[in-house]
Structures are given as structure tokens and as C-alpha cells.
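Written out below as C-alpha cells is the structure these notes cover.
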Amino acid sequence: SVYTLRYGYTAANTGCYNEDSLDVDVVPPDLANAGLDSSVCIDIGQVQFNGTPNTGSTGFWTGNAIDSVGLYNVTNAGNYNFTYSYGEGNCLTTDDVQLTVNTLPVVDAGLDLNFCVDAGLQTLLGSPTGGNWSGTGIVSGTNNFDPSLATVGIHSIVYHYTDGNSCDSRDTMTIRVNALPIVNAGVDTILCDQLIPVTFSGQPVGGVWLGSGVTSGGVFTPNGVSVYTLRYGYTAANTGCYNEDSLDVD
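Below is the structure:
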């Protein structure tokens, strides 16, 4: 509406009166709008707020170390309130918005591990449950590690987890895949069928012989015409990996 205001004055020395008027046009103010409340993760770095209206130079932000154009540096978790102001004088309006800064989940991939290359599928357990594994040797879409797929060597395996706030974190573990020892039982042998013991020696020393008619120490005594398959097995002391080789005794 338009309001007409009059100002009247009477001169003290003459008693004469006069007046003047002005019109006041009362208009609705442009309402400041700070936007919707929101949440972010603590590792986002910066958040840019955008208030409306944003024409001209009369809109500005205040609160919790936000700069006047709405740029906020995220450093700590918690709830933070900011105010967007728009207009000047009697037409100044304000609106508040809240930002929730969430911490990152604490993620643990577990201790570093060692496997022999023939160990078969190994189930990995990360914390919290429900995350995803990646890296050489991980069977796609599972929490299984296949040493034979990874091959011999040292591999970095990553466990990645996203929580209910859409905040994510990861942890890395190391898996060493060890080669099997190289085992040699020796060459195939022909023996006469006589009860005369023959001692076989496998490499590396310290293994165990297996098979019909042979002792664990490699002493074989023929006992009937046939082909005997003797196996020599060895476990590496430094890795615990086992391998074997065989020979035929005719």
C-alpha cells in the first residue's frame, strides 16, 4: 500500500502554520532463502552455500567462520548453523540453514597375511562388515582371495566401506603369496625283486617319503614284481609351503 505522511509546523514568532507530505510505498520484502539443511563427510574439504535471491550485492552469509559469499571450510565434525541475509535497512531478511558434518567410518582390513600359492580360496573379513574388497587376487564381487590368481609376490589388498551417511573410508592390508618349494625325488629306477633295501634321497633334504614299501626316511625294499610309485614331500621351514615329487620303481 501507499501511505501519505504529512509534516506540519507552526512558526513560534508568527503563529503561522504550514505542512508538507510524502508518500511511503510499503512493498513486501524479498525473503532470504538459505536453502535446505544438509549433511557432508568431514573429508569433503569445502562447502559452497548458495542463498537466494542472489542478485546485486546485498546478500551475505554469517556464522561459524563462513565467508560472506558462502564458502565454508570443513574441519571438524558436528552441527553448524549459518545465516543468509538479503536486503538492506527495513527490507533486510534472514534465513538459517544447518550443516551436519559426519565423521568417516573406522575401517579395518585386518592383519597382513601369508598364503602358499596353492592354498585355494581364502575368505577375508573386514570391519565393519558389508564393505568391498579390491586388489590383485580378489575374486570379483566377493571377499575371497585366490593366491593362484594373484601369483607369487606381495600384494596390496584394499577394504572399502561406506556407512549410512554415505561417508566412506578404506584400509589396506598386505598379502604375501609364497611359492612352493622345488622338490626332486630323483629319476625313475629299475630294481630286481630281491629283499635288498635301497635308500632313496630326495631334495631338499629333510623331507618325507610316502608310498608302498618305503619308509619315511626313503628306504625301499622290493617285495614282488610291480611298478611302485614313491613320493617325496617337503615343507619349507620359512613359509610352511609343501610340495612333492614322485618316481617310479619298476
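The numbering used here numbers the first residue of the sequence shown as 13 and each following residue consecutively. Built from N, CA and C at the ideal position, the CB exists for glycine as well. For clarity, every value in this text was computed on a predicted model and none was experimentally measured.
Status (buried if at least 16 other CB within 10 Å, exposed otherwise) for residue i
i      : result
Leu43  : exposed
Ala23  : exposed
Pro193 : buried
Ile56  : exposed
Asp260 : exposed
Ile166 : exposed
Val199 : exposed
Asp37  : exposed
Gly63  : buried
Tyr246 : buried
Ala249 : exposed
Gly252 : exposed
Ala77  : exposed
Enclosing beta strand (DSSP E) for residue i [first to last residue]
i      : result
Thr74  : Phe72 to Thr74
Asp37  : Tyr29 to Asp37
Val86  : Careful: Val86 lies outside any beta strand (DSSP E) and carries neither H nor E.
Asn126 : Leu125 to Cys128
Glu256 : Tyr254 to Val261
Ser50  : Ser50 to Cys53
Thr115 : Careful: Thr115 lies outside any beta strand (DSSP E) and carries neither H nor E.
Leu222 : Val220 to Leu222
Val14  : Val14 to Thr22
Thr241 : Tyr240 to Thr247
Val59  : Gln58 to Gln60
Distance between beta carbons of residue j and residue i, contact taken as under 8 Å
i      : j      : result
Tyr171 : Val119 : 6 Å
Val129 : Val189 : 5 Å
Val86  : Val113 : 6 Å
Thr6   : Ala46  : Because the chain here runs from 13 to 262, residue 6 falls outside it and cannot be looked at.
Val195 : Gly219 : 7 Å
Ser11  : Thr154 : Outside the displayed span of the chain (13 to 262) sits residue 11, for which this structure offers no information.
Ser50  : Asn177 : About 12 Å; that fails the 8 Å criterion.
7 Å Cβ cutoff met for residue i and residue j
i      : j      : result
Trp221 : Ser228 : yes
Asn156 : Leu123 : no
Gly99  : Pro41  : yes
Arg243 : Gly223 : yes
Gln60  : Leu83  : yes
Asp262 : Val239 : yes
Tyr19  : Asp35  : no
Gly149 : Tyr173 : no
Pro159 : Ala121 : no
Ser258 : Ala197 : yes
Leu136 : Cys179 : no
Asp108 : Asn88  : no
Chain B contact for residue i (CB, 7 Å cutoff)
i      : result
Cys204 : No chain B appears in this structure, which consists of one protein chain only.
Q: Taking only runs that begin and end inside the stretch 134-215, name each unbroken alpha helix (DSSP H) of 4 or more residues, in chain order.
A: 159-162
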